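Numbering (my numbering), first residue to last: 610 to 843.
Ideal Cβ placement from N, Cα and C applies to all residues, glycine included.
Quick caveat, the model's predicted, so the values are computed rather than measured.
The structure under discussion appears below in the form of structure tokens.
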């Protein structure tokens, strides 16, 4: 479904991604794990067109994304939930969700999807008319995921959904990610909490300083001694 071949990405003279190749098959949860600065967020930004690549190819559903601007990539069925949530703080919960569906014209279906988001995240329903900037971190994360779902994506890419959240909230968010995947949405997940990410993923890639150093079945990596030592705090 998604394929990266030998991606190189620079920030000025800094070589942030070095010949990155990975793929995500339809229906999978794939996670990228690694330390801060390993290139995880850069990989997601390259995929969604937010950061131009120097070389390599990115294909989604067999179409090249290389020269497609970010706003058009969304219309292909790829939604990106950025690091730090990035909700529109001055707008209400409902207005944020409506913006997630800005490319769509099917009003009756948009209404159904709004109800679907509220059923997944009841707390958002309770705060429907509240300004998003007044929500807790966990509620803002729910809103960011809900807003992305309003595009009816075939693939959802999530950047650090657990960052700064209480453990109980993290558990809820991850349960919802699994639910979303079970309804047919493919997921690419970047997550600092490697233990949690590997628990729900099918496969994983390990990044170090812009290079993929290991990949495989998530369960195998969860039980790999070198991974445990480096990323799982054991």
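- Task: Assuming residue 775 and residue 740 form a contact by the criterion Cβ under 8 Å, report the distance between their Cβ atoms to the nearest whole angstrom.
- Result: About 22 Å; that fails the 8 Å criterion.
- Bridge partner(s) assigned by DSSP for residue 620: Answer by DSSP bridge pairing, in chain order: 623.
- Message: Alpha carbons only, please: which of 651, 722, 714 is nearest the one belonging to residue 818?
- Response: The shortest Cα separation from residue 818 among 651, 722, 714 belongs to 651.
- What residues are listed by DSSP as bridge partners for residue 612? Beta-bridge pairing links residue 612 to 632, 668.
- Query: Would you report the Cα separation of residue 832 and residue 640, rounded to the nearest angstrom?
  - Reply: Those two C-alpha atoms are separated by around 16 Å.
- Under the three-state reduction of DSSP, which class applies to residue 813: helix, strand or coil? In the structure shown, the three-state DSSP call for residue 813 is strand.
- Residues near residue 677 by beta carbon distance below 7 Å, same chain, minus five either side: Excluding sequence neighbours, residue 677 sits near 658.
- Quick one: is residue 822 buried, meaning 16 or more other Cβ sit within 10 Å of its Cβ, or exposed? Residue 822 comes out exposed.
- Query: Sorted by chain position, which residues of the same chain lie with C-beta nearer than 7 Å to residue 778's C-beta, five sequence neighbours on each side aside?
  - Reply: Short of 7 Å from the beta carbon of residue 778, and not among the five residues preceding or following it, lie these beta carbons of its own chain, in chain order: 747.
- Query: Should the segment 750 to 757 be regarded as contacting the segment 720 to 735, the criterion being three or more beta carbon pairs within less than 8 Å?
  - Reply: By the criterion of at least three beta-carbon pairs nearer than 8 Å, the segment 750 to 757 is in contact with the segment 720 to 735.
- Does DSSP put residue 799 in a helix, in a strand, or in coil? Correct three-state label for residue 799: strand.
- Query: Is residue 739 helix, strand or coil when you go by DSSP?
  - Reply: In the structure shown, residue 739 sits in coil (DSSP, three-state: anything other than H, G, I, E or B).
- Give the secondary structure of residue 823 by DSSP, where H, G and I count as helix, E and B as strand, and everything else as coil. Note: residue 823 maps to strand in three-state DSSP.
- residue 792 (DSSP reduced to helix, strand or coil): Judged by DSSP in its simplified three-state form, residue 792 adopts coil rather than helix or strand.
- Query: What three-state label does DSSP hand residue 642 in the structure shown?
  - Reply: DSSP places residue 642 in the strand class (E or B) of the three-state scheme.
- Task: On the DSSP bridge assignment, give the partners of residue 764 in chain order.
- Result: Note: residue 764 is bridge-paired with 687, 795 in the DSSP secondary-structure output.
- For residue 808, write down the residues that DSSP places opposite it in a beta bridge. As far as DSSP is concerned, residue 808 takes part in no beta bridge.
- Opposing strand residues paired with residue 701 [DSSP bridges]: For residue 701, the pairing in a beta bridge is given by DSSP as 740.
- Task: Spell out the partners DSSP gives residue 673 in its beta bridges.
- Result: Looking at the DSSP assignment, residue 673 forms a beta bridge with 668.
- With 16 other CB atoms within 10 Å as the buried threshold, where does residue 680 fall? It is exposed - the Cβ of residue 680 has fewer than 16 other Cβ atoms within 10 Å.
- Message: Please tell me whether residue 683 and residue 790 are closer than 8 Å, where the distance is taken between their beta carbons.
- Response: Cβ distance not < 8 Å, so residue 683 and residue 790 don't count as in contact.
- Item | Backbone CA spacing between residue 715 and residue 726 [nearest angstrom] | Spanning the alpha carbons of residue 715 and residue 726 requires a straight line of approximately 16 Å.
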